[in-house]
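To keep things clear, I will list the structure first and then write my remarks on it.
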Amino acid sequence: MSEITIPYTAVMKFVRVPLALQQAVMRTLRQKLAQASDYLETTFPEPCVTYRQRGTIAGSAHLQGWEIRLNPVLLIENQQSFIDEVIPHELAHLLTYHQFGKVAPHGKEWRFVMETVLKVPANRTHQFSVDSVRSKIFIYYCRCQQHELTIRQHNKVLRGKSCYLCQQCKERLKLLEQDKSSTPQSENFA
Ligand SMILES: [Zn+2]
Ligand SMILES: [Zn+2]
Numbered sequence: 002m003s004e005i006t007i008p009y010t011a012v013m014k015f016v017r018v019p020l021a022l023q024q025a026v027m028r029t030l031r032q033k034l035a036q037a038s039d040y041l042e043t044t045f046p047e048p049c050v051t052y053r054q055r056g057t058i059a060g061s062a063h064l065q066g067w068e069i070r071l072n073p074v075l076l077i078e079n080q081q082s083f084i085d086e087v088i089p090h091e092l093a094h095l096l097t098y099h100q101f102g103k104v105a106p107h108g109k110e111w112r113f114v115m116e117t118v119l120k121v122p123a124n125r126t127h128q129f130s131v132d133s134v135r136s137k138i139f140i141y142y143c144r145c146q147q148h149e150l151t152i153r154q155h156n157k158v159l160r161g162k163s164c165y166l167c168q169q170c171k172e173r174l175k176l177l178e179q180d181k182s183s184t185p186q187s188e189n190f191a
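Structure representation (structure tokens):
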């Protein structure tokens, strides 16, 4: 357990995706792309994959740029189950655009690409927990004052990875109240 003094100023702007995980992403992408090439008898350029998706959205497909944008936090948290679900979903958007032009995002053309070409269930929403990407504040206290911790800092405390100390009194922060109202939700992939 590492001790961190609050206020915690080093806000992470960029989440670094481990190389092995990036390689696993590309492996699945290339495998699904080859599957599509075989079935549709067309060769497709390899989409550009970036890890810039924010918020509770798992990923998005940028048709003109031939780009798949993935949520790095949800990828790291869910690993291969994220890859198996999100890569075909977003790739199917690109392939649908390539084959059919501008059609409804999750319409019959997209479902055909998902089910018949890529052979995966045509799920429109993901079931990953979005607790750590939903912005929420948790109130902690020490001897002298109250502190606001982000959900990520709070999760680190829960997992026993960090504990936070008050800069002034040096006391370890304790949780004041926990929001128990959060319910699992399905979120759109986009
Ligand atoms: Zn204090
Ligand atoms: Zn979609």
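Count along the sequence shown starting at 1, add 1, and that's the number in this note's numbering.
From the three backbone atoms N, C-alpha and C, an ideal C-beta is built for every residue, glycine too.
- One thing to note: Cys164 has its Cβ no nearer than 8 Å to the Cβ of Cys143.
- Counting C-beta atoms within 10 angstroms of its own C-beta, Pro122 has fewer than 16 neighbours from the protein chains shown and is therefore classed as exposed.
- The beta carbons of Pro46 and Ile69 sit about 12 Å from each other, so the pair does not count as a contact at 8 Å.
- In the same chain as Arg112, and ignoring 5 residues on each side of it, the C-beta atoms closer than 6 Å to its own belong to Ala123, in chain order.
- Counting along the chain, Gln147 sits inside the beta strand (DSSP E) bounded by residues Gln147 to Thr151.
- Looking at the backbone, the Cα of Ala37 and that of Glu149 are separated by about 49 Å.
- For His90, the enclosing alpha helix (DSSP H) starts and ends at Pro73 to Phe101.
- In the structure shown, Leu176 falls within a strand segment according to DSSP collapsed to helix, strand and coil.
- Excluding residues up to 5 positions away in sequence, Ile77 lie with their Cβ nearer than 8 Å to the Cβ of Pro19 in the same chain.
- Between Gln147 and Ile138, the C-beta gap is not smaller than 8 Å, which leaves the two residues out of contact.
- Leu71 is positioned such that its CB atom lies no closer than 8 Å to that of Ala93.
- Beta-bridge annotation (DSSP): Ala62 is paired with Ile69.
- Gln154 counts as buried, since at least 16 other C-beta atoms from the protein chains shown sit within 10 angstroms of its C-beta.
- Within the model, the alpha-carbon separation for Gln65 versus Thr97 is close to 12 Å.
- Looking at the DSSP output, Val50 shares a beta bridge with Ile69.
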